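Going by this note's numbering, the letters in the sequence shown line up with residues 5 to 198, in that order. This report concerns only the one structure given below.
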Amino acid sequence: MYEMIELKRECEAIEIPSGIRRMLPALTRVRISQFLGSGYTVVTDTGYMCRIDAKDSDAMGMTAPAAQEKPADVPFSENMVWDQLKTVFDPEIPVNIVDLGLIYSCKITDREQGGKKVAVDMSMTAPGCGMGNVLKADVESKLSSLPEVKEVDVQVVFEPPWNAGLMSEAAKLQLGFDLDYGMPGGAPAARMSR
């Protein structure tokens, strides 16, 4: 686990789960709880959970991770799209959005003007999640970086409602879900809601 550190400079953060942007002053004490995808999830010493973009790594005294470049001569494929989607992580849950079951559809079409269009329908783990626009922007950014992708359309949808049954088996195991009952600790969902 990470130790408590002081921010070296002021930096922008996004409160989780509200999605409200705020400035964290220099010397704010934070503990990094996860670094996955394009941001750090931190908890301040006053209890706020926030996301700090990787571009602000230096504020925490760290070196920003090098951007991974895809060779331009690699032919475009649907696997490339899914691989990019797997680099987007829920800031509260250390699992990518594909394995969380948040991607409801992903369609790739040829554009008349050339290049590809990628259309994604995705959901959130909770309808009121303030991080929806943040995750949507992450998906748009990741997919737009692919060679040949000229247009990206991401829609956040809530039908059908997301549920833990949509997660991959790997995600369920990682989060401690019992594969027979679906809930952490092996308790059936009906018992957990009472």
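Here a beta-carbon is modelled for each residue, glycine too, at the ideal position from N, C-alpha and C. It should be emphasised that the depicted structure is a prediction, and the values quoted were computed from it without experimental measurement.
What residue range is occupied by the uninterrupted alpha helix (DSSP H) comprising residue i?
{"i": "A141", "result": "G136 to S148"}
{"i": "L170", "result": "Neither: L170 is in no alpha helix (DSSP H) and is coded neither H nor E."}
{"i": "V92", "result": "Per DSSP, V92 belongs to no alpha helix (DSSP H) and is neither H nor E."}
Please state whether the Cβ-Cβ distance between residue i and residue j is less than 8 Å.
{"i": "L28", "j": "A17", "result": "yes"}
{"i": "I20", "j": "M135", "result": "yes"}
{"i": "I209", "j": "K120", "result": "Any answer about residue 209 is impossible in this case: the structure gives the chain only from 5 up to 198."}
{"i": "V153", "j": "V122", "result": "yes"}
{"i": "G43", "j": "I56", "result": "yes"}
{"i": "S109", "j": "V124", "result": "yes"}
{"i": "K12", "j": "D60", "result": "no"}
Our contact map puts residue i next to residue j with C-beta atoms below 8 Å; I'd like the distance itself, whole angstroms only.
{"i": "V99", "j": "A175", "result": "5 Å"}
{"i": "V158", "j": "V143", "result": "5 Å"}
{"i": "V156", "j": "L147", "result": "5 Å"}
{"i": "R33", "j": "D49", "result": "4 Å"}
With burial defined as no fewer than 16 other Cβ atoms inside 10 Å of the residue's Cβ, what is the status of residue i: buried or exposed?
{"i": "P94", "result": "Note that residue 94 is Asp in the sequence shown here, rather than Pro. With 16 or more Cβ atoms within 10 Å of its Cβ, D94 is classed as buried."}
{"i": "Q88", "result": "buried"}
{"i": "M64", "result": "buried"}
{"i": "E173", "result": "exposed"}
{"i": "E7", "result": "exposed"}
{"i": "G118", "result": "exposed"}
Would you mind reading off the limits of the beta strand (DSSP E) that contains residue i?
{"i": "Y108", "result": "I107 to D114"}
{"i": "I9", "result": "M8 to E10"}
{"i": "G43", "result": "G43 to T48"}
{"i": "Q159", "result": "V153 to V160"}
{"i": "L104", "result": "Premise fails: L104 is in no beta strand (DSSP E) and is neither H nor E."}
{"i": "Q38", "result": "R33 to L40"}
{"i": "D57", "result": "M53 to D57"}
{"i": "R26", "result": "R25 to L28"}
{"i": "V124", "result": "K120 to M126"}
{"i": "I18", "result": "C15 to E19"}
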